[in-house]
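Presented below is the structure to which this report refers.
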Amino acid sequence: MVWNLILIPLGMAAVVFAVPSNRWRPWLLPLTCLGHLALVVVVLGQPSLLGQPSLISREHWLVLDPLAKVFLGLISSLFLLCTFYTAGYLSKEPERSNRVFCTCLLLSLSMMTLVILSHHLGLMWVAMEATTLTMAPNLYFHRNPRSLEATWKYLLICSVGIALALLGSFFLAYSTLHAGLEESTLFFDDLIRQAPTLSRPWMHAAFILLFVGYGTKMGLAPMHTWLPDAHGEAPAPVSALLSGALLPCAFLAILRIYHICVAAGDAAFARQIMLAIGLLSMAMAAVFMIRQRDFKRLLAYSSVEHMGILVIGIAIGGWATFAALLHVINNGLTKASLFLSAGNLQSAFGSKQTENVCGALRRLPLSGGLFLAGFLAITGSPPFGPFVSEFSILTAAFSTGQYWTGSLYLLLLLVVFLGMGATVVGLVLGNPPETAGPAPFQESFWSGAPIVALMGLVLMLGLCLPAPLREILQEAAVFLETGR
Amino acid sequence: MIVHWLDPMLVLALLVNFFMLGASRLRAVIYAVAFQGVLLGLMPIFVHGEVGWWLGLLVIATIVIKGIVIPELVSYAMREVFISREIDPVVPFVPSLLLGAAGTGLALGYARTLPLAPSHSGSLIVPASLATVLTGFLILTTRRKAITQAVGYLVLENGIFLFGLLLIEAMPFLVEIGVLLDLFVCVFVMGIIIHHINQEFSSVSTEHLARLKD
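Here it is in structure tokens:
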């Protein structure tokens with residue numbers, strides 16, 4: 004059953020590659036994602052699946068544990084909504100071949116699902132590197148020098164980062180060998196069971212390498228340098244998926260390693276590093292967001308900021324762990340809606356520089372309004388979802404006596420709000436430039452509905468957390484905190 | 058008995074690192090990385106002593122991918138873009154050799170602080186692996202041509218492969234093959250991008266890739 008989640012998009016990727024019609028091919032994407040989501044819903048509804056039978060040996064290669072449930076639901080729904088948008092997006096460029104683009108999107112879905120489900124460090128690594136590779140051609144969809152530069156940086160920096168993660172995985176495996184166990188292992192279940200006996204110097208070195216490696220992919224400062232370029236130059240739906248689905252997958256990888264540290268009784272070491280890097284990411288992002296003149300890069304830096312918030316939440320621990328996991332969902336949905344509406348603005352104004360774009364609310368009432376709402380949501384304004392999770396992390400910091408962390412976090416949130424606000428207000432309000440004339444871009448059902456749906460979900464998460472989701476999140480937080 | 062051959066091979070792999078740091082002709086660098094790949098491919102035999110069917114398959118796959126296919130891919134890219142030399146690296150060749158030597162020294166020192174399992178103590182695997190990773194980093198960061206940067210990534214991966222020798226039993230065959238496959242596809246995609254960089258800028262120097270900044 005769980006295997007089908009990986010095999011269906013993989014098989015459909017082959018089908019999509021074979022379909023000759025450039026016009027109909029993109030419509031297979033939402034269809035596949037719909038099937039994927041339906042299967043995910045069925046799988047999530049069956050708690051008995053926790054102990055899947057093994058693939059090759061007695062060990063469990065793929066397990067749907069509580070953490071996996073959170074991420075699986077998120078990426079599956081995001082892919083569905085973003086591919087709906089993609090189908091409309093590609094229909095506006097009928098002359099450009101989308102064969103590779105569509106194939107790579109489905110391969111990415113398959114590989115991200117594999118990252119989420121895999122319970123073997125090596126297998127997870129292979130899948131993670133595969134997501135890097137399958138996303139690379141999509142960044143270069145528009146075939147211009149800027150996207151070429153972004154693709155090269157993305158591929159090189161992420162590959163090197165992930166290579167370090169492989170070295171870290173080896174270190175972790177070696178720490179079991181040194182613990183006097185007859186065989187080293189890379190299965191999470193074994194590692195967690197044997198965690199207290201692992202060799203500490205090897206484990207610490209492994210954590211640092213894995214955190215830096217997967218942190219590069221996640222876009223944490225100071226390893227984030229590829230991220231603004233890639234998010235800025237990619238087509239809108241790809242940016243949305245990079246930000247909402249790919250970065251969380253890398254976060255999940257870090258959580259898996261953190262989980263082993265917790266089981267080893269060594270969480271304090273991991274938390275210190277995560278806290279420092281998290282605050283640095285927020286600060287770096289805040290600095291670059293002030294007076295940012297490219298609104299897609301602005302959103303990219305916002306991603307860096309929110310990845311920082313996620314690791315800070317985990318580092319604070321306790322109630323903040325739950326909030327951080329909730330924030331993965333909130334941030335993913337909000338950021339995707341922002342990137343999609345930014346894509347509409349870019350198409351309408353023919354630019355993503357702030358000096359060429361103003362009065363979006365008049366030119367494109369729907370996308371402009373959604374962009375504004377998305378901005379308010381992502382910066383933590385009530386009544387949207389991110390407010391709940393960001394505020395919970397803050398209260399958790401203060402209630403556990405981490406006053407410095409809490410204050411710094413609040414200050415950085417405020418700086419980001421002001422920095423981002425200045426740019427967004429300039430974009431949305433005012434009169435559209437006269438010279439633009441009747442631009443060819445018009446809002447359509449396909450370019451609007453997915454964003455409305457995403458913002459609707461964000462609003463719903465802010466008003467009330469559905470009981471099943473709360474249950475899954477609580478289960479995941481307990482799973483992570485107790486180390487078993 | 059056969060294990061005694063391992064350390065000389067590791068020393069040879071380290072010498073290849075130095076050769077790559079000092080060489081300016083791309084063809085020489087690519088041959089060197091191919092030679093290192095073949096050396097690495099043979100090493101599992103010497104670590105393990107005996108060759109089962111899957112180990113044999115792994116040895117063959119590693120030699121074919123790291124020693125033949127990938128270098129061939131890179132040199133194809135090199136011929137296509139008509140360049141043969143790394144002329145003006147960010148850090149000149151002699152200082153980068155010195156940096157490489159310093160990195161190797163550091164790796165030897167750091168490896169000594171890590172506790173090793175009794176059967177591995179005294180082996181050069183860990184320092185050689187760390188030194189090769191550092192060399193890869195050095196090539197990646199100090200060279201301007203996209204092709205040389207790709208070679209740097211290969212050297213980095215070779216260093217990680219060296220460490221993997223300690224864990225031959227732990228890594229399932231499927232995962233080893235997956236890692237090799239990822240590496241191959243990665244270089245393949247890099248090759249395609251290098252081709253596009255050359256078409257776009259009539260050069261594969263990454264200096265042209267400096268438009269995106271804040």
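The listed protein sequences derive, respectively, from chains A and B. Whatever position you read off the first sequence (first residue = 1), add 3 for our numbering. Whatever position you read off the second sequence (first residue = 1), add 57 for our numbering. No residue lacks a Cβ here, since even glycine has one placed at the ideal position from N, Cα and C.
Residue pairing for B:Arg142: DSSP places it in a beta bridge opposite B:Arg82. Boundaries cannot be given for A:Val360, as no alpha helix (DSSP H) includes it and DSSP labels it neither H nor E. Look at B:Arg169: its C-beta is not under 8 Å from any C-beta on chain A. A residue is called buried when at least 16 other Cβ atoms come within 10 angstroms of its Cβ; A:Gln295 meets this threshold and is buried. Annotation note: the region 13–48 of chain A contains the following uninterrupted alpha helix (DSSP H) runs of length 4 or greater, listed N- to C-terminal: 31–47. Chain A places no beta carbon closer than 8 Å to that of B:Gln93, leaving this residue out of the contacts.
Taking a beta-carbon distance threshold of 8 Å, A:Pro12 does not count as an interface residue toward chain B. With respect to the 8 Å criterion, B:Thr161 and B:Ala188 are classified as neighbours on the basis of their beta carbons. Along the length of the region 192–221 of chain B, whole alpha helix (DSSP H) runs at least 4 residues long occupy 203–221, reported in chain order. Within the region 373–405 of chain A, the alpha helix (DSSP H) runs of at least 4 residues that lie entirely inside it are, in chain order, 388–402. In this structure, the CA atom of A:Gly76 is about 53 Å from the CA atom of B:His61. Among the residues of chain B, none has a CB under 9 Å from the CB of A:Leu201; the nearest is roughly 11 Å distant. Per the coordinates, the alpha-carbon of A:Ala224 lies some 14 Å from the alpha-carbon of A:Ile211. Boundaries of the alpha helix (DSSP H) around A:Met277: 270–292. Taking each of A:Arg26, A:Ala41, A:Ile165, A:Gly465 in turn and checking the Cα distance to A:Ala376, the smallest one comes out for A:Gly465. At a cut-off of 8 Å, the C-beta of B:His105 has no neighbouring C-beta in chain A. For B:Val261, there are no neighbours in chain A by C-beta distance under 8 Å, as the nearest C-beta there is about 10 Å away. Residues are counted here when their Cβ sits less than 8 Å from a Cβ of chain A; for the region 128–158 of chain B the count is zero. For B:Ile217, a Cβ of chain A is located within less than 8 Å of the residue's own Cβ. Non-local C-beta neighbours of A:Asn7 in its own chain, meaning closer than 7 Å and more than five positions away in sequence, comprise Leu42, ordered along the chain. According to the DSSP assignment, B:His177 belongs to no alpha helix (DSSP H), since it is labelled neither H nor E.
Looking from the CA of B:Cys243, the closest CA among B:Arg84, B:Ala80, B:Ile122 belongs to B:Ile122. Neighbours of B:Asp271 in chain A, taken as residues whose beta carbon is under 8 Å from its own, are Pro231, Phe291, Gln295, Arg300 in chain order. For A:Ser113, the uninterrupted alpha helix (DSSP H) run begins and ends at 102–120, by DSSP.
Between A:Val307 and A:His207, the C-beta gap is not smaller than 8 Å, which leaves the two residues out of contact. A:Ala198 places its beta carbon less than 8 Å from that of A:Ile263.
Cβ-Cβ separation between A:Gly222 and A:Leu201: approximately 29 Å, too far for a contact (criterion under 8 Å). Residues are counted here when their Cβ sits less than 8 Å from a Cβ of chain B; for the region 203–233 of chain A these are Pro204, Trp205, Ala208, Pro231, Asp232, given in chain order. Counted as a single uninterrupted DSSP element, the alpha helix (DSSP H) harbouring A:Ile332 occupies residues 322–352. Residues Thr337, Phe387, Pro389, Val461 of the same chain have their beta carbon placed closer than 6 Å to that of A:Ala380, with the five preceding and five following residues left out of the count. For A:Trp64, no alpha helix (DSSP H) run applies, since DSSP gives it neither H nor E. Counting C-beta atoms within 10 angstroms of its own C-beta, A:Cys467 has fewer than 16 neighbours from the protein chains shown and is therefore classed as exposed. By the rule that beta-carbons nearer than 8 Å mark a contact, B:Glu264 does not touch chain A. For chain B, the residues of the region 107–130 of chain A that bring a beta carbon within less than 8 Å of one of its beta carbons are His123, Gly125, Leu126, Trp128, Val129, in chain order.
Taking a Cβ-Cβ cut-off of 9 Å, B:Leu114 has no neighbours in chain A, whose nearest Cβ is about 16 Å from it. Here A:Asp232 has Ala153, Lys156 as same chain residues with Cβ atoms under 6 Å from its own Cβ, once five neighbours each way along the sequence are excluded.
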